[in-house]
Amino acid sequence: MDAKKSEVLQGTLDLMILKTLHALGPLHGFGIARRIEQVSRDVLQLNEGTVYTSLLRLQQQGWIAAEWGTSENNRRAKFYSITKRGEKQLEVETENWERIAGVIGRVLRLEEER
Amino acid sequence: MSSWRGSRLRRFAAKLHGFVRGRPRDAEFCDEIQEHLQLLTERFMAQGMTREQASAAARRQFGNKTLLQEDRRELQTFPCIEALWQDLRYAIRVLSKSPGFTTVAVLTLALGIGANTAIFSVLNALVLRDLAVPHPEQLVRFGAHTPGDHYASVSLPMFEEIVREQKVFSGAFARGGGSSMNLEINGELSRGQVDLVTGSYFSELGAVPALGRLIEPSDVNLNSSEPAQVAVLGYSFWERQCGGARDVIGKTLRIENIPFTIIGVTRKEFGGLSVDMEDDIVVPLSTEPLIRGAVVGDSLQSRSILWLDPVGRLKPDVTIEQARAELGSRWPAIREAVAPAGQKPAGNPWDVERNIFHSLQFTVEPYGTGSSFLRGRFAKPVYVLMAVSAIVLLLACANLASLMLSRSAARSHEFGMRATLGATRSRLVQQLLVESVALSGAGTVAGFLLANWSSRALIAYLYRQTGLFGYVGGKALDVSPDLRVLGFTAGVAILTGVLFGLAPAWLASRGVPNSTLQNNPRTLGLGRWTLGKTLIVTQVALSLVLLAGGGLFVRTLEKLRAVQPGFRFAGVLEVGLFPKPSPFKNGDQITYFRELTDRVSRIPGVVSAGFSHGEVGGGYDWIQKVRIHGASGNPLSSNCDRVMPGFFRTVGISLLRGRTFDWHDNAHASHAVVVSENLAQTLFPSGSAIGQHIDVVTDPRWQDLEIIGVVSNASLYDIHRPPEPTVYLDALQYGTPAEFDPLFVQTELSPAAILAPLRQAFNSLGRQYVVSVSSLRRTIDDSILPESILATLSGFFALLALLIAGIGLFGLMAYTITRRTRELGIRFALGAQRAAVLRMILGETFLLTLVGIAMGLPSALAATRLITHMLFGVTSHDSVTLCTAVVALLGVGGLAGYIPAQRAMRVDPLVALRYE
Chain A
1170 MDAKKSEVLQ GTLDLMILKT LHALGPLHGF GIARRIEQVS RDVLQLNEGT
1220 VYTSLLRLQQ QGWIAAEWGT SENNRRAKFY SITKRGEKQL EVETENWERI
1270 AGVIGRVLRL EEER
Chain B
14 MSSWRGSRLR RFAAKLHGFV RGRPRDAEFC DEIQEHLQLL TERFMAQGMT
64 REQASAAARR QFGNKTLLQE DRRELQTFPC IEALWQDLRY AIRVLSKSPG
114 FTTVAVLTLA LGIGANTAIF SVLNALVLRD LAVPHPEQLV RFGAHTPGDH
164 YASVSLPMFE EIVREQKVFS GAFARGGGSS MNLEINGELS RGQVDLVTGS
214 YFSELGAVPA LGRLIEPSDV NLNSSEPAQV AVLGYSFWER QCGGARDVIG
264 KTLRIENIPF TIIGVTRKEF GGLSVDMEDD IVVPLSTEPL IRGAVVGDSL
314 QSRSILWLDP VGRLKPDVTI EQARAELGSR WPAIREAVAP AGQKPAGNPW
364 DVERNIFHSL QFTVEPYGTG SSFLRGRFAK PVYVLMAVSA IVLLLACANL
414 ASLMLSRSAA RSHEFGMRAT LGATRSRLVQ QLLVESVALS GAGTVAGFLL
464 ANWSSRALIA YLYRQTGLFG YVGGKALDVS PDLRVLGFTA GVAILTGVLF
514 GLAPAWLASR GVPNSTLQNN PRTLGLGRWT LGKTLIVTQV ALSLVLLAGG
564 GLFVRTLEKL RAVQPGFRFA GVLEVGLFPK PSPFKNGDQI TYFRELTDRV
614 SRIPGVVSAG FSHGEVGGGY DWIQKVRIHG ASGNPLSSNC DRVMPGFFRT
664 VGISLLRGRT FDWHDNAHAS HAVVVSENLA QTLFPSGSAI GQHIDVVTDP
714 RWQDLEIIGV VSNASLYDIH RPPEPTVYLD ALQYGTPAEF DPLFVQTELS
764 PAAILAPLRQ AFNSLGRQYV VSVSSLRRTI DDSILPESIL ATLSGFFALL
814 ALLIAGIGLF GLMAYTITRR TRELGIRFAL GAQRAAVLRM ILGETFLLTL
864 VGIAMGLPSA LAATRLITHM LFGVTSHDSV TLCTAVVALL GVGGLAGYIP
914 AQRAMRVDPL VALRYE
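Residue numbers (this note's numbering), protein chains in the order written: chain A, 1170 to 1283; chain B, 14 to 929.
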């Protein structure tokens, strides 16, 4: 296993999926995995199966909705889209993330200054 | 990031949805994953991999599919419930594979749980259940009683004074009577229970009419000389007598020939204040002089006749202790305010009444459960039976625990295997507990049905025996299961399931996986045998307790049946009588009763007949104090009765000295009295009692009575009691009305055969009519009914316990021998004598039984001491009973050991060894 790749942080995958659906509109699981792979530029190591666990979790919270449809190569696939409540949650969580990221960044800088 | 977790409720709802939808979701999810893998593979192939390489890479990138499915399950459903469901199906499969064990277990549990539920239903109906009225817990009964007597009641002036003075009740009412009377509606005659009430009776009980209106305070004007003659019908009376006709309102109901206007009908749910007596008719208390005044004199104005049952409703913030304190402190003043006036100077007998009055004490008792005709007699036996059935259930649990233990030992290989495959210990325990709870569940269902049937049967039996069904106004106790009974049964079911399942489950799961797998499952560690043996010893000990208790009750019944009460009850009939409603005051009493007794005696087949006031054998209790006329010092407590000529001969009490009453002992003759031999001996130890004079200290009417005869001793009123000193007064000498007194007839005729000629005799004189004819033997049987029920049921339970303990012992020995087949084979091969093996096995069984007996004896002695006061003619440590119990247990133990031992002796060494 590639040592340089980081494990996806618990909970961050949910945020990434929400953001992906927000940015790209309805997608199936495979598409979401491709998008995260592309954006992370191979920095993150992702067990693609976990995407589905995350999707279930988000569905249960009512933040995304799922619908059966046809994929680009004419196969049956389940498409996920973000709901209104999901949009709100995304906003909240984005702010949350930035705040925490900021705090962690500051802490790490403190370490350097010493 | 707590917000990610979202609301618990939403997750729960989603889970529930997933749980319900179940399987289709599984398939969908699988499809979705397959699709994803397919796309990944195609993508890798497009990058130049072979199909195999691509598919492997796809799987690698996707991660563990199975884990993913599990994650999904955990997210979408309740895994513990799924496991439980799985365990339950497995349990049913396993149990149906051993039908013998399952049948025995379910039957044992059905009997145990059924018995407990049945007895509890009866206990609930008889003692625990609240009246169906709003806030029954606020109801209290209060009143005055003489020291030593517990029945509290009041006179009307007393009631009014208490209500006027008190500050603890939000309301209070009083009820008088509750006696059976002649009724007539639409020209049809019937009898019914008539209650006289004060104005707030219905409103305090929260009753609502089904038809018309109910009695209101304005209907009960106690000061008016013309009381409102209105009546309310009870629902079942209305259904029974009026066929539920809605036009009864406004019609006339005649009570003892006095017209009343029907103003309403109560609802079906309204049961009045009694759990086993019906309120047939309710009328205003103010009509009492009209209805009964003519017969027994006006009670309304009397200050000293305590005839009303008062009930109060406590204010919401007042406790019963506060009510006791408050009313108790006012009591002396209230009593003084309503004391009857002394009419003659002090020192005169007329002061007696006043003195009794001043000794009255005041009580306040909770009344939420109302009153009951049966409670007093049967509550204690039912409590005892409750304890007995609880022990039976405990025994059944111990029995099933040992059976489960053997089974789980036999299945240790299976458990080892499952533990090796990754089952946690709690998972294994859960599996076994589910099995035991499934058993107890099945047992509960069967037991509940059994209980439903048997509690009804028990009540029906009780009613037939006490004659309550025939009694006017009796209603069946409501034993239908309510929330309390259901809760009780559910609690018992779960408790038993856990009780007999937990220990075996825990022990079974203790085995270390690899050791149970490696070990030959035919040899067992000895550790678990301690528990198995403990359970057997417990069963033997518990059944000894039950056998001792049951045995004592059976012996009690035997002794009671063998009692020689000093009077004859075989071939004696008791005739219940009532005065006719209208004119019955023609001629004087003596002429009437003399003529009547004569006519009845002349009926062919009748030997003799005589009236008495006291109900023979019916627990009649009229205690007075007597002493030698003019003497001072402690008077003698004595039974008191009023009899007419012919009575002594009829019930076989023999005259020892002097004479008995004759028809010349009238109001003009000197006051005569007949006494029992023991009374004569106590008062006049030296010399004859005949011609001596005695006083009944407690009643002013009976002073300076001349003893004209001495009769043999008899336990006339209660065969439980030894013959007590008794004073027999003449029923006709004092002008006291005797129209309600029963007539005793000595005859070999059956009650049915004598009814017609009896009626003829009574009708010819036109003053009284026959209500009932029953045999005195039946009255006596009824008087020992509590003992009879106790003996039957506790005897049955004791035998059941013996059987269960026997099965337990048998199961354990049979199991041991199966386990030891190999050992026995080797022994036989080496030349062991078969008799020696038999001795060994029997020895072991007897040892277990003896240890159980040794453990059980002290408990049995302790338990039977608690029932000492319910025994008759035996002591609680009766050696005959205890020896019989011990012998019975040893016998069953021997049998339970002998059958498996026989099997052991037939073990073929070759087969046994090859088997391994």
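By construction, the Cβ of each residue, glycine as well, lies at the ideal position given by its N, Cα and C atoms.
A quick note: this is a predicted structure, and the numbers were derived from the prediction, not measured.
{"Asked": "Alanine 873 of chain B vs leucine 463 of chain B beta-carbon contact at 9 Å", "Found": "no"}
{"Asked": "Interface flag, aspartate 84 of chain B vs chain A, CB-CB below 9 Å", "Found": "yes"}
{"Asked": "Option nearest aspartate 84 of chain B by Cα separation, candidates A/Ser1250, A/Asn1265, A/Ser1223 and A/Asn1243", "Found": "A/Ser1223"}
{"Asked": "For glycine 263 of chain B and phenylalanine 275 of chain B, believed in contact at Cβ under 8 Å, the rounded distance", "Found": "The residue you asked about is not phenylalanine; residue 275 of chain B is isoleucine in the sequence shown. Between glycine 263 of chain B and isoleucine 275 of chain B the Cβ distance is about 7 Å, and since that is below 8 Å, they are a contact."}
{"Asked": "DSSP state of arginine 326 of chain B mapped onto helix, strand, coil", "Found": "strand"}
{"Asked": "Test: leucine 1279 of chain A CB closer than 9 Å to a CB of chain B", "Found": "no"}
{"Asked": "Beta-carbon proximity check, alanine 459 of chain B vs leucine 555 of chain B, cutoff 9 Å", "Found": "no"}
{"Asked": "Environment of histidine 30 of chain B [buried if 16+ CB atoms lie within 10 Å]", "Found": "exposed"}
{"Asked": "Chain-ordered neighbours of phenylalanine 1199 of chain A on chain B, where CB pairs are closer than 8 Å", "Found": "Glu48, His49, Leu52 and Leu53"}
{"Asked": "Contacts that lysine 488 of chain B makes with chain A (C-beta to C-beta distance below 7 Å)", "Found": "Simply none; closest approach about 58 Å."}
{"Asked": "Heavy atom of the ligand NAD within 8 Å of threonine 279 of chain B beta-carbon", "Found": "As far as ligands go, the structure on display features none, and thus does not contain the ligand NAD."}
{"Asked": "Test: aspartate 1171 of chain A CB closer than 9 Å to a CB of chain B", "Found": "The predicted position of aspartate 1171 of chain A is uncertain, since its pLDDT is 42 and thus under 50; a value taken from the coordinates is nonetheless stated next. False, the Cβ-Cβ gap to chain B never drops below 9 Å."}
{"Asked": "Cβ separation of valine 629 of chain B and valine 664 of chain B, assumed to be a contact under 8 Å, to the nearest whole Å", "Found": "6 Å"}
{"Asked": "CA nearest to the CA of serine 645 of chain B, picked from B/Ile839, B/Val710, B/Ala422 and B/Glu217", "Found": "B/Val710"}
{"Asked": "Nearest-angstrom beta carbon gap, serine 315 of chain B and serine 193 of chain B [assumed within contact, 8 Å]", "Found": "Not quite, the Cβ-Cβ distance comes to about 22 Å (not below 8 Å), so this is no contact."}
{"Asked": "Distance between beta carbons of serine 689 of chain B and proline 738 of chain B, contact taken as under 8 Å", "Found": "6 Å"}
{"Asked": "Those runs of the alpha helix (DSSP H) which lie wholly inside the region 772-818 of chain B and span at least 4 residues", "Found": "789-796"}
{"Asked": "Aspartate 100 of chain B, DSSP secondary structure in three states", "Found": "helix"}
{"Asked": "Span separating the alpha-carbon of isoleucine 707 of chain B from that of phenylalanine 370 of chain B", "Found": "23 Å"}
{"Asked": "Cβ neighbours of asparagine 1265 of chain A in the same chain (closer than 7 Å, five flanking residues each side left out)", "Found": "none"}
{"Asked": "Residue range of the beta strand (DSSP E) that includes arginine 343 of chain B", "Found": "Looking at the DSSP string, arginine 343 of chain B is not in any beta strand (DSSP E); the run it does join, the alpha helix (DSSP H), is 333-350."}
{"Asked": "Whole-Å CB distance - aspartate 322 of chain B paired with serine 166 of chain B, under 8 Å assumed", "Found": "6 Å"}
{"Asked": "Alpha-carbon to alpha-carbon, isoleucine 703 of chain B and leucine 696 of chain B", "Found": "12 Å"}
{"Asked": "Min CB distance asparagine 412 of chain B to chain A below 9 Å", "Found": "no"}
{"Asked": "The beta strand (DSSP E) enclosing glycine 245 of chain B, as first and last residue numbers", "Found": "One point to set straight first is that residue 245 of chain B is valine, not glycine, in the sequence displayed. First-last of the beta strand (DSSP E) with valine 245 of chain B: 243-246."}
{"Asked": "Spatial neighbours of glycine 748 of chain B in its chain, beta-carbon cut-off 7 Å, leaving aside the 5 residues before and after", "Found": "Ala680"}
{"Asked": "Cross-strand partners of lysine 638 of chain B (DSSP beta bridge)", "Found": "B/Ser650"}
{"Asked": "Nearest residue (CA-CA) to threonine 610 of chain B, options B/Asp601, B/Asp289, B/Phe624 and B/Ser889", "Found": "B/Phe624"}
{"Asked": "Beta-carbon gap between aspartate 731 of chain B and glycine 632 of chain B smaller than 9 Å", "Found": "yes"}
{"Asked": "Outcome for arginine 568 of chain B when other beta-carbon atoms lying within 10 angstroms are tallied against a minimum of 16", "Found": "buried"}
{"Asked": "Whether arginine 3 of chain B touches glutamine 179 of chain B by CB criterion (9 Å)", "Found": "Since the displayed chain B opens at 14 and closes at 929, residue 3 of chain B lies outside it and no answer follows."}
{"Asked": "CB contact flag (arginine 1210 of chain A, aspartate 1183 of chain A, <9 Å)", "Found": "no"}
{"Asked": "The region 506-516 of chain B contacting the region 811-830 of chain B, beta-carbon criterion three pairs below 8 Å", "Found": "no"}
{"Asked": "Bridge partners - valine 295 of chain B, DSSP secondary structure assignment", "Found": "B/Asp208 and B/Val245"}
{"Asked": "Any chain A beta carbon closer than 9 Å to glutamate 95 of chain B", "Found": "no"}
{"Asked": "Span separating the alpha-carbon of serine 384 of chain B from that of leucine 286 of chain B", "Found": "6 Å"}
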